[in-house]
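This report refers to the structure that appears directly beneath it.
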Amino acid sequence: MPVPRQSQAAGATSEIWPSGGRHLWPSGGTSAVQSHSRGHLVYAAGGVLAVHTERGTSIVPANRVAWTPAGFTHYHRAHGDTDMRIVFLAPSMARLVPEHPAVFQTSGLARELLLALTGPRNYDHATPGYSQTARARLVRVLVDELREAPEQPLHLPEPRDDRLQAVTRRLYETPADNATLAELGTSIGASSRTLSRLFHAELGMTFYEWRTQLRIYHALVLLADGHDTTHTATACGWANPSSFIAAFTGIIGTTPGRYRADRRTAAQL
């Protein structure tokens, strides 16, 4: 078994080996900006990760896994105490998944494979490690699972237009802001029609879709930090908890309460 080396990422307690790694980060921990010669999968066994690339921000809660291809400049940020797992893919496996950053829903089998491929067998010398052949089989099954999983984007693309940047910056800072697109346009000297066109052309979604994704992102962060459903709903701009629960369930696939319970269970593994 290769001798792991300690990560130099500030605030992290980490183990790294040639095929992957595990980082235990406090809330707010941020990696250095980096790129790798191999593509890698990132999974949050506990907490919430944000993966930032030049194409925008992907949010990775505990029921998603993120893929970053080789050569993409990126950095990670932890929200809540986060157990981050990394699996590097050899080129022969990487060619079977998308050539762009992607987020996939994690099946039960994929989750167990990710945990196995990043567990104590890789860094605890008292635990027998996987043979190279056994590891290759596990990775192949994992990749097959991801190929069957639909992409589940929790993605906030980065705008280029100055007017769009002004709007998105304001909403990043105050996600509970319920201003209409017309009101936001008036504040920056742009019509709602122009902004609507820019949202479609640059970000590939409507203003409503983008703001909902942003609010779900902030909701995941607040839930990871231990806030309850009612506080999170209000802080993220929903008029009442029931409308927040409906929106959250529609995008994440589970209720906020169940998500918090599953996250606590995962963190104990």
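1 is the number of the first residue of the sequence shown in full-length UniProt numbering; add one for each residue after it. Just so you know, even glycine gets a beta-carbon here, dropped at the ideal spot from N, CA and C. Because the structure is a prediction, the values reported are computed rather than measured.
Starting from T82, follow the beta strand (DSSP E) in both directions and report where the run begins and ends. 74-88
Cα separation between F199 and Q132? 47 angstroms
Please determine, among M84, T212, R55, the residue with the shortest C-alpha to C-alpha distance to L49. M84
Beta-bridge pairing of A50 - partner residues as DSSP gives them: I59, R77
For the stretch 124-140 against the stretch 25-39, do three or more pairs of beta-carbon atoms, one drawn from each stretch, fall closer than 8 angstroms, so that the two count as touching? no
Does the contact criterion of 3 or more C-beta pairs under 8 angstroms hold for the stretch 227-236 versus the stretch 198-213? no
CA-to-CA distance, A126 to G21, given in whole angstroms: 18 angstroms
Cβ neighbour criterion (16 or more within 10 Å) applied to E148: exposed
Beta-bridge partners of residue 271, as assigned by DSSP: Here the chain comprises residues numbered 1 to 269, so residue 271 is not present and cannot be evaluated.
If G108 sits next to A224, beta carbons under 8 angstroms apart, how far is it from one beta carbon to the other, in whole angstroms? Contact doesn't hold; Cβ gap of about 21 angstroms is too wide.
Assuming contact is defined by CB atoms lying nearer than 9 angstroms, are L203 and L164 in contact in what I supplied? yes
Selected residue, minimal CA-CA separation from E112, among P101, E145, M93, G129: E145
Close Cβ partners of G189 (< 7 angstroms) along its chain, the five nearest in sequence each way excluded: none
Relative to the C-alpha of Q34, which residue among S196, A166, A110, H74 is closest? H74
Return yes when the Cβ of A66 is within less than 9 angstroms of the Cβ of P26, no when it is not. no
Backbone CA spacing between D228 and L220 [nearest angstrom]: 11 angstroms
Determine the burial state of P150: buried for a count of at least 16 other Cβ atoms within 10 Å of its Cβ, exposed for fewer. exposed
Short Cβ contact (9 angstroms threshold) for V87 with T118: yes
Among Y123, T254, L96, V103, the one whose alpha carbon lies nearest that of S14: Y123
Strictly by DSSP, which residues pair up with A44? M84
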